[in-house]
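Those letters in the sequence shown? Residues 42 to 507, by the working numbering. We put the beta carbon where it would ideally sit given N, CA and C, even for glycine. Note that the structure is predicted; figures quoted are calculated from it, not measured.
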Amino acid sequence: MKATAELYAYTEIVPPVLEYTEVFSRGTGESSDIVRKEMYTFNDKGERSVTLRPEFTAGVVRAVVSNKLYATEEMPLKLFYCGPAFRYERPQLGRYRQFNQFGVEEIGQDSSRVDAECIIMAMQGLYMLGFQKLSLKINTIGDDATRKAYREALKSYFALHIDEMCDDCHERLQLNPMRILDCKVESDQKIAAGAPKIKDYLSEASEKRFYETLSILNDLGVEYELDDSLVRGLDYYSEVVFEIHAIAQDGTDVGALGGGGHYGGLVKELGGPDLPGVGFAMGLERVYSLMEKDGLLKNLETGIDLYVMPVGENVLNDVFVLTEEVRQLGYSADTPLAALKMGAMFKKAEKRGAKFALILGEDERDKGVAQLKNLKTKEQSEISLEHLADELDSAFHKAFPDEEEEAEGHDESCSCGCGHDGHCSCGDAEKTDEKADDSDADLVKEGCACSDADYDPEEKKEEGMK
Ligand code: HAM
42 MKATAELYAY
52 TEIVPPVLEY
62 TEVFSRGTGE
72 SSDIVRKEMY
82 TFNDKGERSV
92 TLRPEFTAGV
102 VRAVVSNKLY
112 ATEEMPLKLF
122 YCGPAFRYER
132 PQLGRYRQFN
142 QFGVEEIGQD
152 SSRVDAECII
162 MAMQGLYMLG
172 FQKLSLKINT
182 IGDDATRKAY
192 REALKSYFAL
202 HIDEMCDDCH
212 ERLQLNPMRI
222 LDCKVESDQK
232 IAAGAPKIKD
242 YLSEASEKRF
252 YETLSILNDL
262 GVEYELDDSL
272 VRGLDYYSEV
282 VFEIHAIAQD
292 GTDVGALGGG
302 GHYGGLVKEL
312 GGPDLPGVGF
322 AMGLERVYSL
332 MEKDGLLKNL
342 ETGIDLYVMP
352 VGENVLNDVF
362 VLTEEVRQLG
372 YSADTPLAAL
382 KMGAMFKKAE
392 KRGAKFALIL
402 GEDERDKGVA
412 QLKNLKTKEQ
422 SEISLEHLAD
432 ELDSAFHKAF
442 PDEEEEAEGH
452 DESCSCGCGH
462 DGHCSCGDAE
472 KTDEKADDSD
482 ADLVKEGCAC
492 SDADYDPEEK
502 KEEGMK
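Here you go:
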């Protein structure tokens, strides 16, 4: 998710876990269930009321306001965050009292394109994790005038039914009748199903704005479902709101994976200028749980590059130094730090997801070599420690050619047909990659069709980080 956020030019913000309670009561909203019933609130030693964040948006906006981040040239602010949040809810599948959210907030630019970008980013992040069937539910709750008119209509409707409804709904009717639409009590939900719909109260401007957002989604082929009962349970929203759902192949439904929307008045409410924002947050436990059920976690498994194995006590220090060298070259590596049997070390390597084992015994050390074993193909070869960087680069390039090309931005080989994307002197100079590695060099040495006889791989040897 972070990688996706960075693709969209968001940068990370790390807001505090603890805020003055007022940030959430004013920000998230007095009438929301979160503020009414779900916050972990207590007095600190200075008798100030503080709260463990139940969500990030109010705290992020508070940080933007108190640090005047809006007074920079970098507007709109594009911020992402990730961390724990706390809600006193009844624990059940997909619902915990401490959970983790990943989310973004884009603050300072009022446009349906900004709203659309945020929705698309949320969907894209989930697609990149491997989800294929996502359901995007979308609605608008309009501008202030729309919601004022709608609240009046709801008040009149629910006043007729309130005697049959739960105690919470009595309170909601007074505070904000829109919150009744989120009530989880089944009999109340049936009554709510017959309530007036917000689409019949939309101002012309809100209607236009919503259809602009939808038309961008249409242009990009993003599928959505219009859900006129979606109002979201937080008070700061205005205009577009959305939720993303997915159901595991075995039918498990953990609830919404994420949700968000536009907020017009939150920055001002928390003491800042009149700036709009839009954002979303995802529940990472829910995302993880569905990924686990649908076998998508393998998309996240990276493992380490090398497990470095000492053969016997006498090479422990050499292996310690070798492991450090390997890390300095930019390869992730681990080593047992004690002499273990080979079988035990191979098991540890497997547990760490190591791609290669680098094995050093006394004989190897004395000859200045080590054994490099590809743990997938089981191919093993002796490599020179003097040319460690080139040897490893070459082995990794051979084992994972696609990854290397992606990382280095290659998209084509040299056009002479020799297969080099690096050093070939066929004249295809633009495609020369300074960082090309020894696998290219080997090809050259073996006799390139373009006969690049003058090429000296040693000259190109890379120093330092991969
Ligand atoms: P939210 O819908 O309250 O929105 O929470 C976002 C996501 O957090 C939910 O869709 C769900 O996946 C996850 N979540 C919420 N509560 C729990 C829980 N008790 N256990 C596990 N997961 C949970 C917000 O928090 C807004 N701040 C989103 C936003 C950002 N709107 C604008 N900007």
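Any heavy atom of ligand 1 closer than 6 Å to the Cβ of residue i?
i: F127; result: no
i: A297; result: yes
i: A157; result: no
i: G87; result: no
i: E326; result: yes
i: F140; result: yes
i: E130; result: yes
i: R136; result: yes
i: E280; result: no
i: G320; result: yes
i: G301; result: yes
i: E266; result: no
i: E147; result: no
i: E391; result: no
i: E79; result: no
i: G144; result: yes
i: T98; result: yes
Cα separation between residue i and residue j?
i: A126; j: T92; result: 11 Å
i: G353; j: E403; result: 8 Å
i: S244; j: T343; result: 50 Å
i: D30; j: G171; result: Nothing about residue 30 can be read from this structure; the chain reaches only from 42 to 507.
i: D375; j: L275; result: 46 Å
i: S72; j: G124; result: 25 Å
i: A194; j: S256; result: 29 Å
i: D229; j: H202; result: 9 Å
i: P117; j: Q150; result: 6 Å
i: D462; j: S435; result: Residue confidence for D462 is low, a pLDDT of 42 falling below 50, so the modelled location carries little weight and cannot support an answer.
i: H428; j: K408; result: 13 Å
i: V410; j: V106; result: 59 Å
i: V58; j: E264; result: 35 Å
i: F33; j: E366; result: Nothing about residue 33 can be reported from this structure: the residues present for the chain run from 42 to 507 only.
i: E266; j: P442; result: 41 Å
i: S152; j: V328; result: 29 Å
i: Y137; j: V101; result: 22 Å
i: L258; j: R368; result: 44 Å
i: D478; j: I345; result: Its pLDDT being 40, under 50, D478 is placed unreliably in this model, and the value from its coordinates should be taken loosely. Cα-Cα distance, rounded: 20 Å.
i: F251; j: E280; result: 7 Å
So, helix, strand or coil for residue i, using DSSP?
i: D462; result: At D462, the pLDDT of 42 sits below 50, so the modelled position is not reliable; the number obtained from the coordinates is stated separately. Three-state DSSP puts D462 in coil, outside helix and strand.
i: T216; result: Per the sequence shown, the amino acid found at residue 216 is Leu instead of Thr. L216: helix per DSSP, three-state reduction.
i: Q230; result: helix
i: N108; result: coil
i: T254; result: helix
i: V360; result: helix
i: E71; result: coil
i: F283; result: strand
i: R207; result: Note that residue 207 is Cys in the sequence shown, not Arg. Residue state, collapsed to three classes: coil.
Does residue i pass the burial test, meaning 16 or more other C-beta atoms within 10 Å, or should it be called exposed?
i: N340; result: exposed
i: T52; result: exposed
i: K414; result: buried
i: S422; result: exposed
i: D431; result: buried
i: E420; result: exposed
_Would the segment 61-78 count as touching the segment 110-123 if we require 3 or more Cβ pairs under 8 Å?_
no
*Does the segment 352-372 come close enough to the segment 314-332 that 3 or more CB-CB pairs lie under 8 Å?*
no
*asked:* Within 8 Å, do at least three Cβ pairs link the segment 312-324 to the segment 153-168?
replied: yes
_Segment contact flag, the segment 81-91 with the segment 278-296, C-beta cutoff 8 Å, min 3 pairs_ = no
*the segment 290-306 in contact with the segment 209-216 per 3-pair CB rule at 8 Å*: no
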